[in-house]
Amino acid sequence: MEGSTPTLILDNIRNLSIDCETLKNKLVPAVVTLLRRMPNLDILCTAASCVNLAPEKASHFGNAYWKRQNLPCNHELKELSLKNSYGSNEIEFARYILEHAQNLKKMAIVHCDVGLRILIELN
Numbered sequence: 001m002e003g004s005t006p007t008l009i010l011d012n013i014r015n016l017s018i019d020c021e022t023l024k025n026k027l028v029p030a031v032v033t034l035l036r037r038m039p040n041l042d043i044l045c046t047a048a049s050c051v052n053l054a055p056e057k058a059s060h061f062g063n064a065y066w067k068r069q070n071l072p073c074n075h076e077l078k079e080l081s082l083k084n085s086y087g088s089n090e091i092e093f094a095r096y097i098l099e100h101a102q103n104l105k106k107m108a109i110v111h112c113d114v115g116l117r118i119l120i121e122l123n
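The sequence shown begins at 1 in full-length UniProt numbering and counts up by one.
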């Protein structure tokens, strides 16, 4: 098609770290677009700064939303690390990955408010 831009596939990226304030509602679609272009992603880390943010600003996207995305990285992702989540967007994303990532070996969730660290090792 003349004038159309081909979709950029980043199939050589294996490790991605995202540092942001939090996975705010307005940021989720951009993250989904990025993850769709990384079918061979092995390791994903997100780190949010510990700020006081109203949870409703980071709690719009539930498990049903993530399931509809059918992310291609589900076939390769081996590790997921979430640091300092606010709201439920990150937790719902983690639940989706836990249910659908076929090769997931390790998931770490660190929450700064209570110093809670959850580490899940999968065989």
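Virtual Cβ for every residue (Gly too), placed ideally from N, Cα, C.
{"Check": "Residue 98 - DSSP class collapsed to helix/strand/coil", "Outcome": "helix"}
{"Check": "Residue 67, DSSP secondary structure in three states", "Outcome": "helix"}
{"Check": "Residue 35, enclosing alpha helix (DSSP H) - first and last residue", "Outcome": "28-36"}
{"Check": "Boundaries (first-last residue) of the beta strand (DSSP E) holding residue 79", "Outcome": "79-83"}
{"Check": "heavy atom of the ligand NAD below 6 Å from residue 110 C-beta", "Outcome": "Absence of the ligand NAD is noted for the structure shown, with no ligands found whatsoever."}
{"Check": "Length of the line joining the Cα atoms of residue 90 and residue 34", "Outcome": "16 Å"}
{"Check": "Cβ pair residue 96, residue 70 closer than 7 Å", "Outcome": "no"}
{"Check": "Cβ neighbour criterion (16 or more within 10 Å) applied to residue 92", "Outcome": "buried"}
{"Check": "Span of the beta strand (DSSP E) around residue 22", "Outcome": "From DSSP, residue 22 is part of no beta strand (DSSP E); its letter is neither H nor E."}
{"Check": "Own chain partners of residue 58 with C-beta closer than 7 Å, once the 5 adjacent residues on each side are dropped", "Outcome": "22, 23, 24, 25, 86, 87, 89"}
{"Check": "Span of the beta strand (DSSP E), counted from its first residue to its last, around residue 106", "Outcome": "106-111"}
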